[in-house]
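For reference, the structure discussed in these notes is given below.
Protein chains: 2
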Amino acid sequence: MEELASVSGISRPTISKYFNEPGSVRPSTRAKIEAALELHDYRPNIYAMNQNRKLTKNVGVVVPLLSDPYFAEIARNLEQHCIAAGYRPTLFSSHGDPALEVEVLDTLRSLKPAGVLLAPLGRASDRAALEKFCDDVPTLIFDSSVDEIGLAFVGSDNFQFTAHITDYLCRTSEPPCFFEMKTPANPNAHRRRQSYLDAMESFGYTPDVVSIAGEGWGFEEIGRLGGHEAFENGRFSTNSILCSNDRLAIGLLTACYERGIRVGRTEDCRIRVAGQDGHPHSRYTCPPLTTISHNYEAVSQTAADALFTAIEGQVSPWKSTRLEGKLILRDSA
Amino acid sequence: MEELASVSGISRPTISKYFNEPGSVRPSTRAKIEAALELHDYRPNIYAMNQNRKLTKNVGVVVPLLSDPYFAEIARNLEQHCIAAGYRPTLFSSHGDPALEVEVLDTLRSLKPAGVLLAPLGRASDRAALEKFCDDVPTLIFDSSVDEIGLAFVGSDNFQFTAHITDYLCRTSEPPCFFEMKTPANPNAHRRRQSYLDAMESFGYTPDVVSIAGEGWGFEEIGRLGGHEAFENGRFSTNSILCSNDRLAIGLLTACYERGIRVGRTEDCRIRVAGQDGHPHSRYTCPPLTTISHNYEAVSQTAADALFTAIEGQVSPWKSTRLEGKLILRDSA
DNA sequence: CTAATTTTTTTACGCGCGTAAAACTTTGAT
DNA sequence: ATCAAAGTTTTACGCGCGTAAAAAAATTAG
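Written out as structure tokens, the structure reads:
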């Protein structure tokens, strides 16, 4: 930086100021600096930079499970928004493990991030650890809400999701049963069940929740095994099955295939299956899965913007933003 | 650190040494430090740490596309190995974009990593940029090889992959045609095609390569559209189709479904379809996809170990390690 | 027990930058 | 042209640690 100063004829502190905020120096000064930058390709040392800065430009992005394409997609979007806003995103995955989630938070602390975009594991999360972290670091919670912690919450409106797709299913054939995990990892699952119950009641139908056993994040396998068991015991009371999420639905479709049960909305099909999430893979199941999709772009945009305004000084009370999903009609229901 | 020194009764430089390598101090000293650490939960400032260290403990992990569960899985494994070996992994994705890949490399440079585990985009990669990066930073290339750059290459043996599954298909029914993208992003695709040609020749069969159009990383959609076109023009000369990779196969299966073509190895099925990669989703296609799986664990273990030995001073000539895959027999072929 | 060796302490410097304060210069408005 | 405001330079310090060198202490070998 010293060299760049002598080459450009600008003092080092001014150059430091330039790197902090290029707009904060006079245009003529900025031009001189950028001209010198062209010739000498200097890169500031990020370690020295961040050592004395009160606030780094780092942003942590934490998702529960990166190998789930849904989270991978959200993470990709968030990453781009951070870069566009001049922040340096770093990606972390809890890999479905609460202990790892705490470790990630610990690692994040030492990065002294300006802010964090955090999708918690949910039920399994260490609440106390999350809360403590949110006290120390400006954190925006997304995807699944855990109390009213952090700066704000941004996610999908699970009530709208399930109400909407339940409504569709009721209007087009028999009212659906609801296929879910007994002990879901994600708190959104409870909202979806409740929304299903409410919607069924408002239509005057008797709800039927089929809860299946299974722990962990291998939802497809849980759905497949649970599906087999449910069929064997005749637990599906109607021809329509609304799954709590797409991955469960994918497993259920495999179970149907293995049992020779035709799925779809045509006359020759025994049942209909619908999912929820708009999973990237849902287009390629057989039959293609009817589902209700997150507004990926809007969720990540809103979440990122909310974090940045908070970082940049805007204090606002805790707020929950829940965005509506869009029904995607395909052959499965 | 100063405080910790006074509390533990050990001098600051010795504590610094401890954090650099806990085993380098006398056991009694180490015990004292760790006892003090229990009480005062001090965390070294990573920025100050890395500023003067010749070598940081950072390791970059770069994959071409994180939303592809195959890469997500590899990345997860690599991450764990890094942590286990005492390094701090940071995950990056090129998101299928060569320009982003160069940007990632640039970001990585400023992290001054001890080493990098890099899976290049392949054909689209900026060779010159990759080579220059490898000159500056100890880099191990994995998954897809680009010349003989970096410390070494670790990946799967694509020749063995395709030879093995071609052999299986030939022995069990009609010899397969080969379904692939005309201009594949990944260099492994060329190896697989060549291996198919060699295998077919060694059996005395006439190979039949069906190359379909399509750019980018949306393999499923490319496979689906290409499949439709191939069926319409009668381009499949036998009842068996070996796909260049699983994602293409998933798309092809969807095309089959849409055309009402039954896939499987039973009498009533018109064709058989097989993939390659052992994609996490291949178990849940309809029918479940016969494929040949990467040895994920071995590839990542070998890659990580190779990088660490190189970092820790072992100089060895460039080497290519290619691990064999395992045939996974399912209903599709 | 003494000498040789290893480990630790003391002392001291510097990494590359952020940042503060005061003096100075440029710019824009009157 | 004159003055105030904004931007810039100079000077100086410190962040939290790594690291080097020399002195001191602890351990081991003989």
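Protein chains in written order, with the numbering used here: chain A, 117 to 449; chain B, 117 to 449. Where is the CB? At the ideal position from N, CA and C, for every residue including glycine.
A residue is called buried once 16 or more other Cβ atoms fall within 10 Å of its Cβ, and Ser-209 of chain A is buried on that count.
Nearest neighbour of Glu-296 of chain A by Cα position, chosen from A:Tyr-400, A:Ser-289, A:Glu-290, A:Ala-305, turns out to be A:Ala-305. Sorting A:Asn-349, A:Ala-414, A:Ser-356 by C-alpha distance to the C-alpha of Ile-387 of chain A places A:Ser-356 at the top.
By the neighbour-count definition (other C-beta atoms within 10 Å, threshold 16), His-211 of chain A is a buried residue. Counting the other CB atoms within 10 Å of its CB gives Ala-200 of chain B a total below 16, which places it among the exposed residues. Distances from the alpha-carbon of Ile-281 of chain B to those of B:Asp-393, B:Met-117, B:Arg-128, B:Pro-404 put B:Asp-393 closest. When C-beta distances to chain A are compared with 7 Å, the residues of the segment 357 to 383 of chain B below that value are Ile-366, Gly-367, Leu-369, Thr-370, Tyr-373, in chain order. In the DSSP assignment, Met-165 of chain B falls outside any beta strand (DSSP E) and within the unbroken alpha helix (DSSP H) covering 162 to 168. Membership of Lys-133 of chain A in the alpha helix (DSSP H) is indicated by the continuous run 128 to 136. When only Cα atoms are considered, Lys-148 of chain A and Ser-226 of chain B end up about 24 Å apart. Secondary structure at Glu-247 of chain B: helix, using DSSP grouped into helix, strand and coil.
Under the 7 Å criterion on CB atoms, Ala-164 of chain B is classed as interfacial with respect to chain A. Under the three-state reduction of DSSP, Thr-406 of chain B is assigned to strand. Lys-148 of chain A carries a helical assignment under DSSP once its states are collapsed to helix, strand and coil. Ranked by how close their Cα comes to the Cα of Ser-272 of chain A, the residues A:Tyr-163, A:Lys-442, A:Asn-161, A:Ser-448 have A:Lys-442 in first place. For the segment 355 to 395 of chain A, the full-length alpha helix (DSSP H) segments reaching 4 residues or more read 362 to 375 along the chain.
Counting C-beta pairs with one atom in each stretch, the segment 341 to 348 of chain B and the segment 305 to 315 of chain B have fewer than three that are closer than 8 Å, which means they do not touch. Going by C-alpha positions, Met-117 of chain A is about 7 Å away from Ile-131 of chain A. Secondary structure note for Gly-271 of chain B: its beta strand (DSSP E) is the uninterrupted segment 268 to 272. Exclusion of the five residues before and after Leu-207 of chain A leaves Val-177, Ala-191, Glu-195 as the residues of its chain whose Cβ lies within less than 7 Å of its Cβ. If you check the CB distance, Phe-335 of chain A and Arg-309 of chain A do not come in under 7 Å.
When Cβ-Cβ separations below 7 Å define contact, Ser-241 of chain A makes no contact with chain B. Nearest C-alpha to Ala-279 of chain B among B:Leu-267, B:Ala-268, B:Gly-266, B:Phe-294: B:Phe-294. Look at the beta carbons and you see the segment 395 to 413 of chain B not touching the segment 235 to 250 of chain B: under three pairs across the two are nearer than 8 Å.
Within the same chain, Phe-294, Phe-295, Glu-296, Met-297, Pro-300, Ala-305, Arg-308, Arg-309, Gln-392 come within 8 Å of Ser-360 of chain A by CB-CB distance, once the 5 residues on both sides are set aside. Between Gly-231 of chain A and Leu-423 of chain A, the beta carbon gap of about 5 Å places them in contact (Cβ cut-off 8 Å). Straight-line spacing of the CA atoms in Ser-436 of chain B and Ala-268 of chain B works out to 6 Å. For Gln-392 of chain B, not one C-beta of chain A is nearer than 7 Å to its own C-beta.
Between the beta-carbon of His-397 of chain A and that of Ile-366 of chain A there is about 7 Å, and that keeps the pair under the 8 Å contact cut.
Among the CB atoms of chain A, none fall inside 7 Å of the CB of Cys-198 of chain B.
The DSSP-derived three-state label of Asn-411 of chain A is coil.
Counting the other Cβ atoms within 10 Å of the Cβ of Leu-155 of chain B gives fewer than 16, which makes it exposed. Ala-420 of chain B is outside the set of residues whose beta carbon lies under 7 Å from a beta carbon in chain A.
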